[in-house]
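Trainee: Okay, so the sequence shown: first residue is 20 according to the numbering used here, each after it adds one. For every residue, glycine included, the Cβ atom is placed at its ideal position computed from N, Cα and C. This one's a predicted model, so the numbers in the text were calculated from it and none came from an experiment. Have a look at this one before I ask anything.
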Amino acid sequence: MKTITLVFGAAYGMLSVILGAFGAHALKKILSVERLESFETGVRYQMYAAFFLLIAGYILKFDTSSQKWISILMIAGTMLFSFSIYGLSLQDYLGANLKFLGPITPLGGLFMILAWLMLIFYFIKNRI
């Protein structure tokens with residue numbers, strides 16, 4: 020689980036840089052300001068998740084199920100949160116109706132919040 024956490028952290032970080040550059044250059048010309056801001060929110064939170072996963076990957080031993088769930092919730096939450104925002108931001112450009120992604124975004128956010136909360140409990144329990 021440690022390797023998976025670190026790989027996802029590095030991949031999310033790399034992808035957020037790529038998508039951030041794509042948004043700043045290519046999408047700036049084709050998306051409305053509102054859609055571009057939403058896209059950038061997805062990128063920003065994906066980078067936060069990358070840092071979270073890299074730090075958690077080095078701190079946690081992953082010897083308990085709760086430690087594994089910290090990672091799982093952040094990986095899944097980021098996927099749901101950021102990638103649903105990307106889809107919603109690009110739906111007009113793609114000519115697709117992706118409004119079904121709307122309820123997925125807050126679910127991803129909830130998973131991310133739970134991962135942070137579980138990490139807080141881990142720190143309190145282990146007095147790190």
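When you compare each of Thr24, Thr60, Trp88 and Gln110 to leucine 38 by their alpha carbons, which one comes out closest?
Mentor: Your numbering for residue 38 matches position 19 in the sequence shown. Residue Thr60 is the option with its Cα nearest to leucine 38.
Trainee: Go ahead and pull the three-state DSSP assignment for serine 111.
Mentor: Locating residue 111 in the sequence shown gives position 92, counting from the first residue. First, the amino acid is wrong: residue 111 is aspartate here, not serine. In this structure, aspartate 111 counts as helix in the three-state DSSP scheme.
Trainee: Look at the Cβ atom of isoleucine 104, then the Cβ atom of threonine 124, and state whether they are nearer than 8 Å.
Mentor: Your numbering for residue 104 matches position 85 in the sequence shown. Your numbering for residue 124 matches position 105 in the sequence shown. Yes; because the gap between Cβ atoms is below 8 Å, this pair is in contact.
Trainee: Residues in the same chain with beta-carbon distance under 6 Å from glutamine 110, minus the five sequence neighbours each way, listed in chain order, please.
Mentor: Residue mapping note: residue 110 aligns to position 91 of the sequence shown, counting from 1. Excluding positions up to five away in sequence, the list reads Leu117.
Trainee: Between Ser85, Leu50, Thr22 and Ala45, which has its C-alpha nearest tyrosine 77's C-alpha?
Mentor: For this step, residue 77 is matched to residue 58 along the sequence shown. The shortest Cα separation from tyrosine 77 among Ser85, Leu50, Thr22 and Ala45 belongs to Thr22.
Trainee: For phenylalanine 142 and isoleucine 94, I'd like the C-alpha separation in whole angstroms.
Mentor: Here residue 142 corresponds to residue number 123 of the sequence shown, with the count starting at 1. Here residue 94 corresponds to residue number 75 of the sequence shown, with the count starting at 1. Approximately 20 Å between the Cα atoms of the pair.
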